[in-house]
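Student:
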Amino acid sequence: MTDVVSLQGLTKSYGPARGVVDLDLTVRSGEVFGFLGPNGAGKTTTIRTMLDLIRPTSGRALIFGLDTRADGVAIRSRIGYLPGDLRLYEQLTPRELLSYFGALRHMPTLAEAGRLAARFDLELDRPVAALSRGNRQKVGLVQAFMHRPQLLVLDEPTSGLDPLVQQTFYELAREAVADGRTVFLSSHVLSEVQHVADRVALVRDGRLVLVDSVENLRARAFTRVEVTFAVPPPEDAFEGLPGVRVLTRRGDVVLFTLGGEVDPLLKALARHRVIALDSHEADLEDVFLSLYRSDDRHAA
Amino acid sequence: MIAMLHSVLLKSLRDVRRAFVWWSVGLAGLVALMVSVYPSVRDNTSLNKLVNDYPEALKGFVAFGGEIDYVSPAGYLGSELFSLMVPLLLLIAAIGAGARAIAGEEERGTLDLLLANPISRRRVALEKLAALVAEIVALGLVLFTALEIGSRAVALDVSTWHLAAATASAVLLALSYGALAFLIGAATGRRGKATGITAALAVAAYVLNGLAPLVGAIEPLQKASPFYYYAASDPLREGLAAGHVGVLIGIFVVVAVLVPLAFDRRDLAA
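Residue numbers (the numbering used here), protein chains in the order written: chain Z, -10 to 289; chain B, 784 to 1053.
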């Protein structure tokens, strides 16, 4: 079975600073793939290459096993695309815009577009020019999903959406994947994709820094436990516990990080009088920031 | 589904429908104004003397192909409409439409979304070019209809065939420049560049055609000006010359063939 997306040594150079360098990446059928990186890292450049809107300087991008340069039309008939910098036809209404793209895709009916619009609570008959940023983004999402494409390529899909609408989007992404389809989405913040993505790639300055499953990343993450004691414990009370590290202590409040099980810490705490205990879930954002930093050291 | 949004061609026509109405009103109004003045010009032979006394340098710009003969029906329409106003207006319409077609959509940022559909760039370019041709030909039909009705109303005696010939010549001239603006827009993605370069070339060609007969040094260059092929056959009196029509169509075809080549291979602006 071929990979849905296969980037092979993909390089796009513009000036000295922009573009992507020698990107190798595969996206498997039926997964949600998060494509992450700070703004300007090359995410949009990569995505626009996949749509054949720009052409690689070297290397190539295969989608469904087809080359983007040779088979653009065939590829795009099976892709739903949401641009990062979404611009719509201002003089059309959403209904007209969806009808236009539906015709270009030879869709017999717009029933699915209507269903999606209803789920997003999108009004179809007000001119685009009068729509808020969030509503425009909904139009963009509806046109990307409406033909039930095998691959969704979504550049910063949740930008401009309020949290409730973001949830609707995550549902749609999960439904698409449950349906055997594939979702490729970019973001500059991990928290936007960690709940929906199976795997993520991190790019920075046009280079691939890491590809891993969200599960593995999470395993690398430390849980934080904040404990409030009745009496400040002795300095050396928690030394030598496996996986446990004291991050900060302010009087009777101590912040621990856990690398593994919580049990050693619990056993140690049992010897003290504990007023309050607060545990935070692994924060992948911190993992990412630490990856950025370790990569910096590595590069230097 | 909405009928006028079934294809890139139809959508492009739909986009210009309001502007087209205003262009039509403007062209028809201009024709009505000029034609309605003709009865008071017809018997005023002193006007002929006035025009004949123009500096030679101006005469080339007042004539439309043949001799001026301002008070004759063909001479009057030639000087008042076809020597400047008609080609000027049709060129503005065509160059504007050509520059807007691809570069305008690219600058507004909607081209990414359009080309994410399963349609080739070549196809998008050709449908948009077809829309440009349809728009300018339709404006030509409006112009021709206004001329035909107007000239009958005031007994301005130019045959239907000759009115059609002059209009067709103007439409073909406008299409050459419209296609050029389209090509520059498709190649660069810059609407301002497409409009500016094409307009500058058109003005240069117009001046060249008007002055060439007077200035020995540039006289042989007159035939390099598309305006020569627009006017030289004296369409209002003599109709069209196949060779001249062929040159204008040839310019359009050559430019049109270059469009997909230029548009296909470049990166689109984000």
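Don't be surprised by glycine CBs; every beta carbon is placed ideally from N, CA and C.
Since this is a predicted model, take the numbers as computed values, not measurements.
To which residues of the same chain is L42/Z closer than 7 Å at the C-beta, ignoring the five residues directly before and after it?
Tutor: none
Student: Would you mind giving the Cβ-Cβ distance between A949/B and F865/B, rounded to the nearest angstrom? I have them listed as a contact below 8 Å.
Tutor: In this structure A949/B is in contact with F865/B, their Cβ atoms being roughly 5 Å apart against a cut-off of 8 Å.
Student: Roughly how far, in whole angstroms, is the beta-carbon of S934/B from the beta-carbon of V941/B, given that I think they are within contact range, below 8 Å?
Tutor: 6 Å
Student: Along chain Z, in chain order, which residues have C-beta atoms closer than 9 Å to that of P901/B?
Tutor: G61, V62, A63, I64, R65, S66, R67, I68, L93, R94 and H95
Student: Tell me whether N827/B is buried or exposed, calling it buried when 16 or more other Cβ atoms sit within 10 Å of its Cβ.
Tutor: exposed
Student: How about V(-6)/Z and V185/Z: are their beta carbons less than 9 Å apart?
Tutor: no
Student: Looking at chain Z, which residues of the region 784 to 806 of chain B have a Cβ within less than 7 Å of any of its Cβ atoms?
Tutor: M784, I785, L788, H789, S790 and K794
Student: Cutting at 8 Å between CB atoms, please list the residues of its own chain near R65/Z, excluding the five before and the five after it.
Tutor: L40 and D41
Student: When the distance is taken between beta carbons, is A219/Z closer than 9 Å to I264/Z?
Tutor: Contact: yes.
Student: Would you verify that the beta carbon of L912/B is, or is not, closer than 9 Å to some beta carbon of chain Z?
Tutor: no
Student: What residues from chain Z crowd round R891/B, counting only those whose CB sits closer than 9 Å?
Tutor: R76, Y78 and E79
Student: Considering just the uninterrupted stretch of the alpha helix (DSSP H) at V166/Z, what are its terminal residues?
Tutor: P152 to A167
Student: I'd like to know if E85/Z contacts chain B, where contact means its C-beta is closer than 9 Å to some C-beta of that chain.
Tutor: yes
Student: Over the uninterrupted alpha helix (DSSP H) stretch that includes D201/Z, give me the two end residues.
Tutor: Unbroken run through D201/Z is the beta strand (DSSP E), R196 to S202; no alpha helix (DSSP H).
Student: Using the beta-carbon count (16 or more within 10 Å), is W806/B buried or exposed?
Tutor: buried
Student: In the DSSP assignment, what residue or residues form a beta bridge with V216/Z?
Tutor: V243/Z and L266/Z
Student: Output, in chain order, the set of chain Z residues within a Cβ distance shorter than 9 Å of A1053/B.
Tutor: Under the 9 Å cutoff, chain Z gives T33, T34, R37, L42, I43, P72, G73 and D74.
Student: Could you name the residues of chain A that S88/Z contacts, counting a contact when the two beta carbons are closer than 9 Å?
Tutor: Of the chains in the structure shown, none is chain A; the protein chains are Z and B.
Student: Going by beta carbon distance, what residues of the same chain come within less than 8 Å of T0/Z, once the five residues before and after it are set aside?
Tutor: G8, V9, V10, D11, L12, P45, T46, S47 and G48
Student: Tell me whether L99/Z is buried or exposed, calling it buried when 16 or more other Cβ atoms sit within 10 Å of its Cβ.
Tutor: buried
Student: Since D1017/B meets chain Z, which of its residues come closer than 9 Å, beta carbon to beta carbon?
Tutor: Neighbours of D1017/B on chain Z: none; closest Cβ ~43 Å, over 9 Å.
Student: At what residue ranges does the region 946 to 1020 of chain B contain a whole run of the alpha helix (DSSP H), taking only runs of 4 or more?
Tutor: Fully enclosed alpha helix (DSSP H) runs of 4 or longer: 974 to 994 and 1009 to 1014.
Student: Please identify, using Cβ separations under 7 Å, the residues of the region 874 to 898 of chain B that lie next to chain Z, in order along the chain.
Tutor: Against chain Z - using a Cβ distance shorter than 7 Å - the residues of the region 874 to 898 of chain B are R891, G892, T893, D895, L896 and L898.
Student: Run down chain Z in chain order and give the residues with a C-beta less than 7 Å from the C-beta of D1050/B.
Tutor: I43 and R44
Student: Between which two residues does the beta strand (DSSP E) carrying T15/Z extend?
Tutor: G8 to V16
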